[in-house]
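Number of protein chains: 2
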Amino acid sequence: MPAPEPTSLDLPQDIFLDIFDAAPLRDLAPGEVVISAGEPADQVFNIVSGVLRVCRTGTDGRRQVLSFLFPGNFVGLTATETYFFSVEAVTPARIACCPRRLLDKRLAADPAAERAFLNMMLRVVEDILDVVYSLGQRTASERLAVFLLYLRHWRRLTDNLADDRDPRLAEIDIPMSREDIADFLGLKKETVSRSFKELEAGRMIQRRGKHQVRVLDLASLRDLAGIRDFASPRRIAQSL
Amino acid sequence: MPAPEPTSLDLPQDIFLDIFDAAPLRDLAPGEVVISAGEPADQVFNIVSGVLRVCRTGTDGRRQVLSFLFPGNFVGLTATETYFFSVEAVTPARIACCPRRLLDKRLAADPAAERAFLNMMLRVVEDILDVVYSLGQRTASERLAVFLLYLRHWRRLTDNLADDRDPRLAEIDIPMSREDIADFLGLKKETVSRSFKELEAGRMIQRRGKHQVRVLDLASLRDLAGIRDFASPRRIAQSL
DNA sequence: CGGCAATTTGATATCCATCAATCGGTGTGG
DNA sequence: CCACACCGATTGATGGATATCAAATTGCCG
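Protein chains in written order, with my numbering: chain V, 825 to 1064; chain S, 825 to 1064.
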């Protein structure tokens, strides 16, 4: 069977992001807070570099990481007057900040931009529904497999690696802590550790320090993750 | 695609729904399939009456109910060319069917309609993120408490009961099977049964047959559900 | 009234959480 | 340069919540 052509990784044109072209930048240290839940939702952000996390923390302290944010990602628009989530830097990061009403004006003035924004929202919904399926139906190590492929996917996008078999993609960087991963996957940090061990025992990955793994058997990893059951591969073919 | 909020109680109308004014109706028997995953996504739907479920089923048979759909809800738009979920009737139901390009034209022609649609998408995202928090952080009986309040909320909207303390709201109808509930909450049907028993033992509810419960202690139920940690109450104050 | 399917209930198994050391890297100061 | 301390990660032992397997029971529909 012939190898697939390296697919070009053109991101969908999120043209509304041009509101950030002249926006002020802000540099963040790890752990620094960008958005606190409950604040007035009057700003929107675009990630320039680094990794952030979006969290919801219950009154009893339970925390769910709703999403990690990577370069190019947009965050901040809500249907309500206030944010209902927090956003914090995981790594040193740089973000562009823009008043919400500038986005409103941009979308109101340009149907194409509004259409692009709507399209992004549809993609966001599909991605979250993948997360819902994982949390509801998958086991601990299946969730971790999905997560590793998700990191690999973002590495591929940010480094713009067209070829899925690019050797650089064998190394997956894991910028966040085990606890961040646990709170994203609905697990505890000890379970995340044990799941890493399990994937290593199954010779799918090899741990290289705390913040990197080498993928030994991508096919098995994809199989365990059940990547065929995902919505995203329809959009981002071969990318997971 | 999951439940938007039709807004009988307060919020601005989802004006784009007028595309369904002249749309053909379709009556559904319980279990009847409206959308099959993988089909071309060329139609959109509006629920007129009854309850439907949105599912994703893995290749190994695991099923996640992504959302239930109630009267006024919209479903069918995707970022991809094909649906990545299935939609089936839970109860006898009636839906309005509209070609997707009609929605596209409506949104393209009227910025106000597009704005309304975008707003619905934002509400959808917030609702799904509530589900993510539940699946990731809550216990079985907490999830069930959330679910019962969610059904109560929909009863309130569809029957247009302005007063949160309306005595009719003491009875919650449960149109779907225990298995549907289980697949929505990321549990098994036996666990759902046991969680019902637990809420009953805690004198929060009283089971009245398989498809109805009486709420005995709304405050405790809300407390168990941790309703303060939700995004939705900000939009639909006091409604949960 | 009878039969079937859904639900409930019961007994046991599994997976993940919890609690408790230990390990290992990183940075600091002697 | 090395000893030490610290913090996140790993590993180990145990417990608890939910899944699984297996009856009873309910209630619904003919």
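Note that CB positions come from ideal geometry on N, CA and C, so glycine has one too.
Fair warning: this is a prediction, and the values are worked out from it, not measured in the lab.
Where does residue i land, buried or exposed, given buried means 16+ other C-beta within 10 angstroms?
i                  : result
Leu794 of chain V  : As shown, chain V starts at 825 and ends at 1064. That puts residue 794 of chain V outside it, with no answer to give.
Ala853 of chain S  : exposed
Pro923 of chain S  : exposed
Glu1014 of chain V : exposed
Ser910 of chain V  : buried
Asp838 of chain S  : buried
Ser1132 of chain V : A query on residue 1132 of chain V cannot be resolved here, the shown segment of chain V reaching from 825 to 1064 and no further.
Asp1047 of chain S : exposed
Gln1036 of chain V : exposed
Asp990 of chain S  : exposed
Asp866 of chain V  : exposed
Ala936 of chain V  : exposed
Ala986 of chain V  : exposed
Gly785 of chain V  : Look at the range of chain V in this structure, 825 to 1064, and you will see that residue 785 of chain V is not part of it.
Ala846 of chain V  : exposed
Note down, in chain order, each residue of its chain lying with its Cβ closer than 7 angstroms to the Cβ of residue i, except the 5 sequence neighbours on either side.
i                  : result
Ser1017 of chain S : Arg1002
Glu863 of chain V  : Thr906, Tyr907
Arg979 of chain V  : Leu993, Ile996, Asp997
Asn870 of chain V  : Leu841, Phe844, Phe898, Ile919, Ala920
Thr904 of chain S  : Ala865
Ser1019 of chain S : Ala964, Ser965, Leu968
Ordered along the chain, which non-local residues of its own chain (more than five positions away) have a Cβ less than 8 angstroms from that of residue i?
i                  : result
Leu1045 of chain S : Ala969, Leu972, Leu973, Leu1023, Met1028, Ile1029, Val1039
Val872 of chain S  : Leu849, Pro895, Ala917, Arg918, Ile919, Ala920
Arg1032 of chain S : Glu995, Arg1038
Arg962 of chain S  : Val970, Gly1050
Ala940 of chain S  : Pro836, Gln837, Asp838, Ile839, Phe840
Arg976 of chain S  : Leu993, Ile996, Val1039, Leu1064
If distances are taken between C-alpha atoms only, which option among the options comes closest to residue i?
i                  : options                                    : result
Pro916 of chain S  : S:Ala1049, S:Gly960, S:Asp851, S:Val1037   : S:Asp851
Ser965 of chain V  : V:Ile1005, V:Met944, V:Leu981              : V:Ile1005
Glu856 of chain S  : S:Asp866, S:Ile839, S:Leu876               : S:Leu876
Ser891 of chain V  : V:Thr982, V:Val949, V:Ala1049, V:Phe840    : V:Val949
Arg1052 of chain V : S:Thr883, S:Arg976, S:Ala1049              : S:Thr883
Val889 of chain V  : S:Leu981, S:Arg886, S:Leu893, S:Ser958     : S:Ser958
Phe779 of chain V  : V:Ile952, V:Thr982, V:Leu1011, V:Lys1021   : Here chain V comprises residues numbered 825 to 1064, so residue 779 of chain V is not present and cannot be evaluated.
Asp954 of chain S  : V:Val914, V:Thr881, V:Arg1058, V:Leu893    : V:Thr881
Leu1149 of chain V : V:Leu981, V:Ala847, V:Lys1034              : No statement about residue 1149 of chain V is possible, as the shown extent of chain V runs from 825 to 1064 and does not include it.
Arg887 of chain S  : V:Val956, V:Ser1056, V:Ser1019, V:Lys1034  : V:Val956
Arg1058 of chain S : S:Gly874, S:Ala932, S:Glu938, S:Arg947     : S:Arg947
Gly874 of chain S  : S:Met945, S:Glu938, S:Ala932, S:Pro999     : S:Pro999
Asp1007 of chain S : V:Gly960, V:Leu1042, V:Ser1056             : V:Gly960
Lys1034 of chain S : S:Leu1042, S:Lys1021, S:Asp1041, S:Ala1043 : S:Lys1021
Identify, in the order they occur along the chain, each residue of the same chain with its Cβ nearer than 6 angstroms to the Cβ of residue i, setting aside the five sequence neighbours on each side.
i                  : result
Ile843 of chain S  : Cys922, Leu926, Leu927, Arg930
Gly1026 of chain S : none
Arg967 of chain S  : Ser958, Leu1009
Val868 of chain S  : Gly900, Leu901, Cys922, Arg924, Leu927
Leu1011 of chain S : Ala964
Val878 of chain V  : Leu890, Ser891, Phe909, Val911
Pro830 of chain V  : Residue confidence is low: Pro830 of chain V scores 42 on pLDDT, short of 50, so the model does not pin down where it sits. Its coordinate-derived value is still stated next. Ala986, Asp987, listed in sequence order.
Ala913 of chain S  : Leu852, Pro854, Glu856, Leu876
Val858 of chain V  : Val911
Mind listing which residues of the stretch 934–956 of chain S have their C-beta closer than 8 angstroms to chain V's C-betas, in chain order?
-> Pro935, Glu938, Arg939, Phe941, Leu942, Asn943, Met945, Leu946, Arg947, Val948, Val949, Glu950, Ile952, Leu953, Val955, Val956
Whole beta strand (DSSP E) elements within the stretch 896–974 of chain S, 3-residue minimum | 910–913, 917–923
Got a sec: which bits of the stretch 845–859 of chain S sit with their beta carbon under 7 angstroms from any beta carbon on chain V, in order along the chain?
-> none
Select from the stretch 1011–1035 of chain V all residues with a C-beta closer than 7 angstroms to any C-beta belonging to chain S, and list them in chain order.
-> none
What residue ranges within the stretch 855–886 of chain S form continuous beta strand (DSSP E) runs of no fewer than 3 residues, ordered along the chain?
-> 857–859, 867–873, 876–881
Taking only beta carbons into account, state which residues of the stretch 901–924 of chain V come closer than 8 angstroms to chain S, listed in chain order.
-> Leu901, Thr902, Ala903, Thr904, Glu905, Thr906, Phe908, Phe909
3 or more residues per run - each beta strand (DSSP E) lying fully within the stretch 968–1037 of chain V | 995–997, 1029–1031
Check distances from the C-beta atoms of the stretch 884–897 of chain V to those of chain S and list, in chain order, the residues that come in under 8 angstroms.
-> Asp884, Arg886, Arg887, Gln888, Leu890
Report the residues of the stretch 957–972 of chain S with a CB closer than 7 angstroms to any CB of chain V, ordered along the chain.
-> Tyr957, Leu959, Gly960, Gln961
Identify each residue in the stretch 1045–1060 of chain S for which the Cβ-Cβ distance to at least one residue of chain V is less than 7 angstroms, and report them in chain order.
-> Gly1050, Arg1052, Asp1053, Ala1055, Arg1058, Arg1059
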